[in-house]
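Working notes for the structure below.
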Amino acid sequence: MSEPKYKRVVLKLSGEALAGNTGFGINPPTIEEIVKEIKEVHDLGVQIAIVVGGGNIWRGTTGAEMGMERAQADYMGMLATVMNSLALQDALENNGVPTRVQTSIEMRQIAEQYIRRRAVRHLEKGRVVIFAGGTGNPYFSTDTTAALRAAEINADVILMAKNNVDGVYSADPMKDLTATKFTELTHLDVISKGLQVMDSTASSLSMDNDIPLVVFNLNKHGNIRRVIMGEDIGTTVRGK
Ligand code: UDP
Numbered sequence: 001m002s003e004p005k006y007k008r009v010v011l012k013l014s015g016e017a018l019a020g021n022t023g024f025g026i027n028p029p030t031i032e033e034i035v036k037e038i039k040e041v042h043d044l045g046v047q048i049a050i051v052v053g054g055g056n057i058w059r060g061t062t063g064a065e066m067g068m069e070r071a072q073a074d075y076m077g078m079l080a081t082v083m084n085s086l087a088l089q090d091a092l093e094n095n096g097v098p099t100r101v102q103t104s105i106e107m108r109q110i111a112e113q114y115i116r117r118r119a120v121r122h123l124e125k126g127r128v129v130i131f132a133g134g135t136g137n138p139y140f141s142t143d144t145t146a147a148l149r150a151a152e153i154n155a156d157v158i159l160m161a162k163n164n165v166d167g168v169y170s171a172d173p174m175k176d177l178t179a180t181k182f183t184e185l186t187h188l189d190v191i192s193k194g195l196q197v198m199d200s201t202a203s204s205l206s207m208d209n210d211i212p213l214v215v216f217n218l219n220k221h222g223n224i225r226r227v228i229m230g231e232d233i234g235t236t237v238r239g240k
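Here it is in structure tokens:
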């Protein structure tokens, strides 16, 4: 059997990925589907860290638009990512995958605090590490968290799992029939063309630290494995 292309990965899941059809809240059967796929690659010996978003519960910008102080609303968003992380942990462990949740904001009754060296040790021991709480700072996103943690733990790649889009397009494929899919891009392309991949802070951090990412469709069964085995699905973003 061929070897996985990537040995240590950061899987970025949006909050929406955990929500099922409604796009809101936490839907355990949907999480179960994702977890089965994570287990498949875990069984191949791939070291997996997960960064999960919180948009299925709360986004800081939504609160700010309704008159809340942005930083306060962002802290609520960070707490939303913790709920998602605990749901993922529960499903992974029910499937026999050992895990640790590490939070960037201390919550020691429910999770470890983020300690880089400890996270790496867990990965080496075959535990899936879920990074909760984003960066711990308002005005950032969980995409930026994925780029930051990937740099810190020397991940080979960030796997950007998207809902129902199979890569990066020149325009929104739902709205523009002439939209074409890119197979390869540079981080600079993403920034200069304003492509919807990650926010610009996350893109520049990935560029400066030379972290490749693969954007792919999470909703097609088996895709996490395909990406990890090096199949050319989705869009790869690398280099300057
Ligand atoms: N957030 C934050 N700092 C971080 C990461 C997240 O303030 O480092 C907040 C922010 O309000 C954001 C929310 O948490 O809107 C949920 O994260 P995100 O929008 O990245 O989730 P996703 O879109 O991936 O579901």
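Under the UniProt record's numbering, the first residue of the sequence shown carries the number 1, and numbering increases by one thereafter.
From the three backbone atoms N, C-alpha and C, an ideal C-beta is built for every residue, glycine too.
Remember, predicted model here, so these are calculated numbers, not experimental data.
If you draw a straight line from the alpha carbon of T61 to that of A73, how long is it in whole angstroms? Locating residue 61 in the sequence shown gives position 61, where the first residue counts as 1. Locating residue 73 in the sequence shown gives position 73, where the first residue counts as 1. Between T61 and A73, the C-alpha separation is close to 7 Å.
For M207, which residues from the same chain have a beta carbon less than 7 Å from its beta carbon, with the 5 sequence-adjacent residues on both sides left out? Numbered from 1 along the sequence shown, position 207 holds the residue referred to as residue 207. Here the set comprises H187, L188, K240.
Short of 7 Å in beta carbon distance, which residues of its chain neighbour K7, apart from the five on each side in sequence? Order them along the chain. Translated into the one-based positions of the sequence shown, residue 7 becomes position 7. Closer than 7 Å at the Cβ level, and outside the excluded window around K7, lie V46, Q47, D156.
Mapping DSSP to helix, strand and coil, what is A150? For the purposes of this step, residue 150 is identified with residue 150 of the sequence shown, where counting begins at 1. Three-state result, A150: helix.
Here's a check: name, in chain order, each residue in its chain whose Cβ is nearer than 6 Å to the Cβ of D199, leaving out the five neighbours to either side. The sequence position of residue 199 within the sequence shown is 199, counting from 1. Cβ neighbours of D199 beyond the five flanking positions: S141, D143.
Identity of the residue in G136, D210, V197, T99 nearest M78 by Cα: Within the sequence shown, numbered from 1, the residue matching residue 78 stands at position 78. Nearest of G136, D210, V197, T99 to M78, Cα basis: G136.
Please report the residue range of the beta strand (DSSP E) in which V215 lies. Taking the first residue of the sequence shown as position 1, residue 215 is located at position 215. Looking at the DSSP string, the run of the beta strand (DSSP E) that includes V215 is 213-217.
Counting Cβ pairs closer than 8 Å, one from the stretch 173-181 and one from the stretch 105-123, do we hit at least three? no
Using 10 angstroms around the beta-carbon of A71, count the other beta-carbons present and answer buried if the total reaches 16, otherwise exposed. Against the sequence shown, residue 71 aligns to sequence position 71. So A71 counts as exposed.
In the stretch 120-193, which residue ranges form an unbroken alpha helix (DSSP H) of at least 4 residues, counting only runs that do not cross its ends? 142-152, 187-193
How would you write the range of the beta strand (DSSP E) that I48 sits in, first residue to last? Mapped onto the sequence shown, residue 48 falls at position 48. From DSSP, the beta strand (DSSP E) with I48 extends over 47-52.
Since I believe A87 is in contact with residue 242 (beta carbons under 8 Å), could you give me their beta-carbon distance rounded to a whole number of angstroms? The first residue shown for the chain is 1 and the last is 240, placing residue 242 beyond what the model contains.
Neighbourhood of A132 by C-beta distance below 6 Å, restricted to the same chain and skipping five residues each side: Start at 1 with the first residue of the sequence shown, and residue 132 comes out as number 132. Contacts found: T81, V82, S85, V101, T103.
Tell me which residue opens and which closes the alpha helix (DSSP H) that L86 is part of. Indexing the sequence shown from 1 puts residue 86 at position 86. Its alpha helix (DSSP H) spans residues 70-94.
To which residues of the same chain is S170 closer than 6 Å at the C-beta, ignoring the five residues directly before and after it? Position 170 of the sequence shown, counted from the start, is the residue given in the question as residue 170. Around S170: A179, T180.
Assuming N223 and I211 are in contact, meaning their beta carbons sit under 8 Å apart, how far apart are those beta carbons, in whole angstroms? Along the sequence shown, read from residue 1 onward, the residue named residue 223 stands at position 223. Along the sequence shown, read from residue 1 onward, the residue named residue 211 stands at position 211. No, N223 and I211 are not in contact; Cβ-Cβ is about 20 Å, not under 8 Å.
Is R59 near the ligand UDP, going by C-beta to nearest heavy atom under 8 Å? For the purposes of this step, residue 59 is taken as residue 59 along the sequence shown, with counting starting at 1. It does: the Cβ of R59 is within 8 Å (strictly closer) of some heavy atom of the ligand UDP.
Is any heavy atom of the ligand UDP found at a distance shorter than 8 Å from the C-beta of F140? For the purposes of this step, residue 140 is taken as the residue at position 140 of the sequence shown. Correct: F140 has its Cβ closer than 8 Å to the ligand UDP.
Cβ-based burial, Q89 [other Cβ within 10 Å; buried from 16]: In the sequence shown, the residue the question calls residue 89 occupies position 89. Buried is the call here.
Out of Q109, I34, A146, which has the shortest C-alpha to C-alpha gap to N217? Counting from 1 along the sequence shown, the entry for residue 217 is found at position 217. For the residues Q109, I34, A146, the minimum Cα distance to N217 belongs to I34.
Which residues does DSSP pair with K12 in a beta bridge? Position 12 of the sequence shown, counted from the start, is the residue given in the question as residue 12. Answer is V51, M160, bridged to K12.
For H42 and G194, I'd like the C-alpha separation in whole angstroms. Numbered from 1 along the sequence shown, position 42 holds the residue referred to as residue 42. Numbered from 1 along the sequence shown, position 194 holds the residue referred to as residue 194. If I take the Cα positions, the gap works out to 34 Å.
Since E16 and G23 should fall inside the 8 Å C-beta cutoff, what is the C-beta to C-beta distance between them, to a whole number of angstroms? In the sequence shown, residue 16 corresponds to position 16, counting from 1. In the sequence shown, residue 23 corresponds to position 23, counting from 1. Yes, they are in contact, since the Cβ atoms of E16 and G23 sit about 6 Å apart, within 8 Å.
Going by alpha carbons, who is nearest to V51 out of V10, P4, V197? To locate residue 51, count along the sequence shown from 1; it is residue 51. Closest option to V51, Cα to Cα, is V10.
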